[in-house]
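In the UniProt record's numbering, the protein residues as written are 1 to 450.
Note that the Cβ used here is the ideal one computed from N, Cα and C, for glycine as well.
Contents: one structure, followed by commentary.
In structure tokens form, the structure reads like this:
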């Protein structure tokens, strides 16, 4: 053996303990049924908690689909799953002559739309409607809508009920109208994160931690779904962007699908000149539209993009100004200002340790009210994430606290939170360690924190 070489066994990573099974059975039938039955409730709670602060206004519609809108005529728009109006109000501001029907199955979301400072009944009609159950034509005259927008909404519907939604909206669309569609694509970062957990309801369909659900579309599935329900594909793109957060050395591969559909056998809607030229080119080349060509099904790849450059806002309506926010917590004698990942990013962040969970608040309140639980003891907190409020509260009566987490970025933020919230002598009692499940070296290092 050449000098300087090491035996194979010395080059292997540290042995890991198998604590949890690697198999993922997904969501049980009981929970699948519950998530379906209570879908409206989960979204209503979502809007109760976040109000209009979660999603940012979507100003990209004019940039992406401006050729479908007209400033000279009073077009009728239907915004499906309008939420709190992040699409409605930018559209009305850009095209003052349009009239918008806005529906959502969350009563709280519709209430927030109606109380928005820019809401006017002469421009917007907002109403509660569950498109998987309610007949849309009872609220909107049949064949009266020029444009339907479906922006990150169909993904929240179970795949079995998606045909019902499409048949429902088709009733109110004009023969020459169109559907503007943008939603999650198969292979997105968030989907990859879900597959590592027991959050799969069915193929490409997952539940988030707050009970809301998300489907990740493949282009073929989406095309067939619309065609089987009376639509033809006019445009379809799979868009990919590599978003980099250089401050945390995070690279996030984001994928979404963007498309335009029109009623089959109906006159095509007014479209971009570019689209017409592309269609003519295909006809000249005698290429069938079903064949995937770059002009109709292109993948947009952008790398080395910093999140601060506005990419997140273009993609998902997320404000790029700051990826962190401060949460104020008051517990008896304690007042904390905890730096966590902003709500805008929490649906798709790579680490749950970058959030502050309600369970941590509850446990911290218990410790604050009952300091004798840890009095004169050595405390190890597992998976404390970036908040560390339980560990900080424990320092008041314990001898030593070791706050641990397996994610290095969560641990980095945890250290900053501890230093900004604790003072001596409490600060001297608390130390942080990286502790990844099953890593023997991390375990031994944590044991040595005496």
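- In terms of Cβ geometry, residue 75 and residue 147 form a close pair [threshold 8 Å].
- Nearest Cα to residue 135 within the set 107, 105, 162 and 168: 168.
- Between residue 435 and residue 388, the C-beta gap is not smaller than 8 Å, which leaves the two residues out of contact.
- Residue burial annotation: residue 378 is exposed, with fewer than 16 other C-beta atoms found within 10 angstroms of its C-beta.
- As for any alpha helix (DSSP H) of minimum length 4 sitting wholly inside the segment 209-245, the runs are 219-227, ordered along the chain.
- Residue 213 places its beta carbon less than 8 Å from that of residue 156.
- Taking C-beta atoms as the reference points, residue 222 and residue 263 fail to come closer than 8 Å.
- Residue 390 places its beta carbon less than 8 Å from that of residue 384.
- Here residue 190 is not near residue 238, since their CB atoms are 8 Å or more apart.
- In the DSSP assignment, residue 110 forms no beta bridge with any residue.
- For the pair residue 234 and residue 441, the Cα-to-Cα distance works out to about 56 Å.
- Per DSSP, residue 201 is one residue of the beta strand (DSSP E) stretching across 200-202.
- If you draw a straight line from the Cα of residue 82 to the Cα of residue 331, it is about 37 Å long.
- For the pair residue 96 and residue 86, the Cα-to-Cα distance works out to about 16 Å.
- The alpha-carbon separation between residue 111 and residue 371 amounts to approximately 43 Å.
- Counting only runs that start and end inside the segment 396-446, the alpha helix (DSSP H) elements of at least 4 residues fall at 408-421.
- When secondary structure is reduced to three states using DSSP, residue 90 falls in the helix class.
- By the neighbour-count definition (other C-beta atoms within 10 Å, threshold 16), residue 104 is a buried residue.
- The C-alpha of residue 411 is placed about 41 Å away from the C-alpha of residue 220.
- Per DSSP, residue 384 lies in no alpha helix (DSSP H) segment and is marked neither H nor E.
- Spatial neighbours of residue 226 in its own chain (CB-CB distance under 6 Å, excluding positions within 5 residues in sequence) are listed in chain order as 261.
- In the three-state reduction of the DSSP assignment, residue 377 falls in the coil class.
- The DSSP-derived three-state label of residue 186 is coil.
- In this structure, DSSP gives residue 103 an extended state, which the three-state scheme calls strand.
- Looking at the DSSP output, residue 257 shares a beta bridge with 183 and 238.
- For residue 340 against residue 325, the beta-carbon gap comes to about 6 Å, under 8 Å, which counts as contact.
- Between residue 145 and residue 78, the CB-CB gap stays under 8 Å.
- Of the candidates 139, 28 and 149, 149 places its Cα closest to the Cα of residue 66.
- Per DSSP, residue 389 is one residue of the alpha helix (DSSP H) stretching across 389-394.
- With 16 or more other Cβ atoms inside 10 Å of its own Cβ, residue 91 counts as buried.
- Positions of the alpha helix (DSSP H) runs, each at least 4 residues long and wholly inside the segment 122-189, are given as 162-172 in order along the chain.
- Beta-bridge partners of residue 207 (DSSP): 213.
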